[in-house]
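Accompanying notes for the structure given below.
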Amino acid sequence: KEEVAPRFDFSKSFSIFEIENDNSVRREKMSFGEQNPLTRVRQLKQYRVDVLICNALRSYTERLLQLNEIRFVSGISGNVDEIVRKYLQKEIQTKEPDLNRIALLKKTNYANLYVCSQEHFKSLGYDVQLPKETSKTFIDFIGTKRDETGKSTKTIAVCCGGHLYKVEEEIREFARETGDLFDENYYVHPVCPGVQQLCDQYQIILLGSESLQKTIEKG
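Spelled out as structure tokens, the structure:
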């Protein structure tokens with residue numbers, strides 16, 4: 360019997376259930392092409408998925424789901440058919456959309472910043488990947504790059520913003536999660552004196568979102 364995958368961001372496939380009159384009338388299993396969360400959410404949108412039921416879910420993926428108006432419930436495990444039955448009987452319910460959070464994400468153009476940031480570091484020779492720990496909610500992705508000799512590796516952590524309403528709290532939490540685990544930590548945000556001062560305080564490199572997007576557009 361099919362079980363709910365432990366982590367949505369690393370699952371290889373997903374089952375789509377078409378619901379009519381509170382009954383499951385059709386089931387189809389689809390494969391994920393890659394682990395990139397943006398691509399995964401777009402794939403769900405492509406198949407007109409309204410609700411996602413899953414187990415562990417990264418905070419970044421949660422924000423993308425909210426941006427794409429896909430309701431979700433996480434922390435669910437067990438047999439897939441039994442889970443669908445519970446959902447139809449309203450024993451499992453999705454969260455109400457956080458309209459303020461959605462407005463914040465749209466205002467910061469979060470999804471685009473994530474893509475631009477990844478492309479920026481890829482152009483510098485970094486191998487970009489998701490953090491393996493789902494508890495690292497403020498680290499959107501990690502970059503690694505070997506030096507010219509191939510003997511040492513540089514590792515960076517990147518936060519693209521949009522996690523918390525207050526920037527100072529977001530930077531503080533990002534600094535707490537990264538600690539001294541990485542060689543460099545980057546925070547993507549419009550450049551301004553206040554944000555620059557906070558980043559300097561926590562030894563975080565501020566990557567200006569405006570110039571970043573312009574650079575990607577030119578490239």
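Residue numbers (the numbering used here): 360 to 578.
Beta carbons: idealized from backbone N, C-alpha and C, even for Gly.
Ile515 has Gly502 and Glu543 as its beta-bridge partners, per DSSP. Judged by DSSP in its simplified three-state form, Glu387 adopts strand.
If you draw a 10 Å sphere on the C-beta of Glu529, you find 16 or more other C-beta atoms in it, and that means buried. Rounded to whole angstroms, Val432 and Phe480 show a C-alpha spacing of 32 Å. The beta carbons of Ile429 and Leu403 sit closer together than 9 Å. In the structure shown, Ile412 adopts extended strand secondary structure according to DSSP, grouped into three states. Counting the other Cβ atoms within 10 Å of the Cβ of Cys518 gives 16 or more, which makes it buried.
Between Tyr469 and Lys445, the alpha-carbon positions lie close to 33 Å from each other. Each residue's CA atom was taken as its position, placing Asp368 and Gly553 some 34 Å apart. Beta-bridge analysis with DSSP links Gln488 to Ile501.
Ranked by how close their Cα comes to the Cα of Asp381, the residues Leu416, Gln448 and Ala415 have Gln448 in first place.
Contact annotation, Phe391 with Arg399: C-beta distance approximately 6 Å; criterion of less than 8 Å satisfied. Under DSSP, Ile442 takes part in no beta bridge, so it has no partner. When the five nearest sequence neighbours on each side are left out, the beta carbons in the same chain lying within less than 8 Å of the beta carbon of Ile498 are those of Pro490, Ala516, Val517, Cys518, Phe533, Glu536 and Thr537, in order along the chain.
Ser476: member of the alpha helix (DSSP H) spanning Tyr469 to Ser482, first to last residue.
Relative to His522, the option among Thr420, Asn414 and Ala415 whose CA is nearest is Thr420.
A distance of 9 Å or more separates the beta carbons of Lys510 and Thr503. Contact check for Lys371 and Leu426: beta-carbon distance about 24 Å, past the 8 Å limit, so the pair fails to qualify.
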